[in-house]
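Note sheet for the following structure.
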Amino acid sequence: MSPRIISTAAELRAATIELLTSGGRSLGLVPTMGALHEGHAALARAAREENDVVVATIFVNPLQFGDPNDLDRYPRTLEADAELLGDCGVDLIFAPSPEEMYPGGQPLVRLSAGLLGERFEGEFRPGHFDGMLTVVAKLLHLAWPAADVRYRAYFGQKDAQQLALIRRMARDLNFAAEIRAVPTVRSAEGLALSSRNRFLSTAESEAALVLSRALRLLAERASRCEPLDLDSAVALVESQPLVKLEYFEVVDPETLEPLAFNCRDTPFTGDGLALIAARVGSVRLIDNQPLAADPVGVQS
Ligand code: PAF
Numbered sequence: 003m004s005p006r007i008i009s010t011a012a013e014l015r016a017a018t019i020e021l022l023t024s025g026g027r028s029l030g031l032v033p034t035m036g037a038l039h040e041g042h043a044a045l046a047r048a049a050r051e052e053n054d055v056v057v058a059t060i061f062v063n064p065l066q067f068g069d070p071n072d073l074d075r076y077p078r079t080l081e082a083d084a085e086l087l088g089d090c091g092v093d094l095i096f097a098p099s100p101e102e103m104y105p106g107g108q109p110l111v112r113l114s115a116g117l118l119g120e121r122f123e124g125e126f127r128p129g130h131f132d133g134m135l136t137v138v139a140k141l142l143h144l145a146w147p148a149a150d151v152r153y154r155a156y157f158g159q160k161d162a163q164q165l166a167l168i169r170r171m172a173r174d175l176n177f178a179a180e181i182r183a184v185p186t187v188r189s190a191e192g193l194a195l196s197s198r199n200r201f202l203s204t205a206e207s208e209a210a211l212v213l214s215r216a217l218r219l220l221a222e223r224a225s226r227c228e229p230l231d232l233d234s235a236v237a238l239v240e241s242q243p244l245v246k247l248e249y250f251e252v253v254d255p256e257t258l259e260p261l262a263f264n265c266r267d268t269p270f271t272g273d274g275l276a277l278i279a280a281r282v283g284s285v286r287l288i289d290n291q292p293l294a295a296d297p298v299g300v301q302s
């Protein structure tokens with residue numbers, strides 16, 4: 003059954019109060035832009051498992067699109083999205099209009115992602131992370147349940163830079179919500195699920211698998227505490243003619259600063275995060291892989 007869909011902030015407040023009055027002590031928020039797939043379903047299911055009340059939001063945020071054509075082209079599939087969220091046990095969908103979210107038009111005051119928002123994806127999509135943080139901040143405020151209700155918000159590991167920035171925003175600006183990361187959902191072959199995958203041809207989908215293959219190679223080397231030899235992983239991706247690599251870097255998971263000395267020829271220690279972006283045909287794909295050395299596994 004599809005959950006109730008509401009579109010105003012006032013309705014959201016009233017509906018969450020009503021849902022919580024029957025004794026709910028926790029609320030999970032799942033912000034999305036719709037065009038949902040199994041990756042989003044994993045967020046909703048994680049929220050369902052951990053909370054009494056689950057609210058999903060569907061809002062295609064104009065502030066995070068640089069190109070107005072991209073904003074127009076973004077798929078709007080509310081009916082199918084509502085069905086998927088209902089199957090995951092979501093209680094309520096907040097699907098506001100742009101006018102409801104930004105009553106005065108484009109907001110004058112916005113959040114800035116700072117330096118963390120300028121590298122990697124930020125270099126290819128100027129202003130994207132400022133717009134993303136601004137809407138996430140608003141959604142977190144709008145769905146805030148009450149001081150005595152545990153509040154969690156769910157984001158995919160797939161968008162690792164977005165996740166790092168939201169965590170940073172929550173910490174820097176004292177947001178009440180606990181930010182929960184949900185692992186990337188992949189196809190059986192390894193391709194990270196994304197609403198853009200639908201635009202790949204069969205040959206391109208096959209070619210795109212090189213991204214997850216290269217990431218897996220690094221994860222294996224990291225867990226064995228071997229040098230990552232990033233150059234060989236880069237060469238693997240570049241050997242695929244349909245793939246045009248944009249960046250491939252190993253970084254600190256929190257600061258996203260490149261781990262320059264931990265990835266070439268010294269044994270890998272601690273944690274890292276491999277970030278990759280590439281064009282496959284006309285489709286731009288991103289993926290990532292958390293890396294962790296496992297010295298115990300190496301000894302046994
Ligand atoms: O990841 C997304 O779908 C969006 O960036 C988000 C977090 C819902 C903000 O619009």
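When you line the sequence shown up against the numbering used here, it's residues 3 to 302, in that order.
Heads up, the beta-carbon is just placed ideally off N, CA and C, and yes, glycines get one too.
Quick one, are the C-beta atoms of residue i and residue j less than 8 Å apart?
i: residue 126; j: residue 259; result: no
i: residue 60; j: residue 88; result: no
i: residue 40; j: residue 187; result: yes
i: residue 184; j: residue 156; result: yes
i: residue 200; j: residue 246; result: no
i: residue 22; j: residue 57; result: no
i: residue 162; j: residue 53; result: no
i: residue 209; j: residue 193; result: no
i: residue 225; j: residue 299; result: yes
i: residue 235; j: residue 250; result: yes
i: residue 27; j: residue 212; result: no
i: residue 154; j: residue 182; result: yes
i: residue 255; j: residue 275; result: yes
i: residue 90; j: residue 43; result: yes
i: residue 134; j: residue 164; result: yes
i: residue 263; j: residue 223; result: no
i: residue 293; j: residue 252; result: yes
Does residue i have its Cβ less than 8 Å from a Cβ in chain D?
i: residue 162; result: Given the protein chain composition of this structure (a single chain), no chain D is represented.
By the three-class DSSP mapping on this structure, what secondary structure does residue i have?
i: residue 248; result: strand
i: residue 282; result: strand
i: residue 298; result: helix
i: residue 102; result: helix
i: residue 74; result: helix
i: residue 81; result: helix
i: residue 129; result: coil
i: residue 273; result: strand
i: residue 135; result: helix
i: residue 183; result: strand
i: residue 164; result: helix
i: residue 173; result: helix
i: residue 158; result: strand
i: residue 121; result: coil
i: residue 69; result: coil
i: residue 112; result: coil
i: residue 150; result: coil
i: residue 287; result: strand
i: residue 141; result: helix
i: residue 178; result: coil
i: residue 97; result: coil
i: residue 194; result: strand
Do you know offhand how far residue i's Cα is from residue j's?
i: residue 229; j: residue 143; result: 44 Å
i: residue 219; j: residue 301; result: 20 Å
i: residue 80; j: residue 5; result: 12 Å
i: residue 136; j: residue 101; result: 15 Å
i: residue 92; j: residue 3; result: 10 Å
i: residue 221; j: residue 29; result: 34 Å
i: residue 206; j: residue 215; result: 15 Å
i: residue 204; j: residue 160; result: 22 Å
i: residue 113; j: residue 132; result: 6 Å
i: residue 10; j: residue 97; result: 8 Å
i: residue 170; j: residue 243; result: 37 Å
i: residue 174; j: residue 33; result: 20 Å
i: residue 50; j: residue 268; result: 43 Å
i: residue 232; j: residue 261; result: 11 Å
i: residue 47; j: residue 55; result: 12 Å
i: residue 95; j: residue 18; result: 11 Å
i: residue 116; j: residue 176; result: 17 Å
i: residue 147; j: residue 179; result: 10 Å
i: residue 82; j: residue 141; result: 22 Å
i: residue 124; j: residue 227; result: 31 Å
i: residue 74; j: residue 240; result: 32 Å
i: residue 190; j: residue 217; result: 16 Å
i: residue 77; j: residue 38; result: 10 Å
i: residue 99; j: residue 129; result: 21 Å
i: residue 13; j: residue 266; result: 54 Å
i: residue 149; j: residue 167; result: 24 Å
i: residue 72; j: residue 119; result: 20 Å
i: residue 24; j: residue 64; result: 36 Å
ask   = What runs of the alpha helix (DSSP H), each 4 residues or longer, lie entirely inside the stretch 14–66?
value = 40–52
task = Any chance you could list the alpha helix (DSSP H) runs of at least 4 consecutive residues sitting entirely within the stretch 202–270, in chain order?
result = 204–225, 232–240
task = Assess, as a yes-or-no matter, whether the stretch 273–291 is touched by the stretch 189–199 under the definition of 3 or more beta carbon pairs within less than 8 Å.
result = yes
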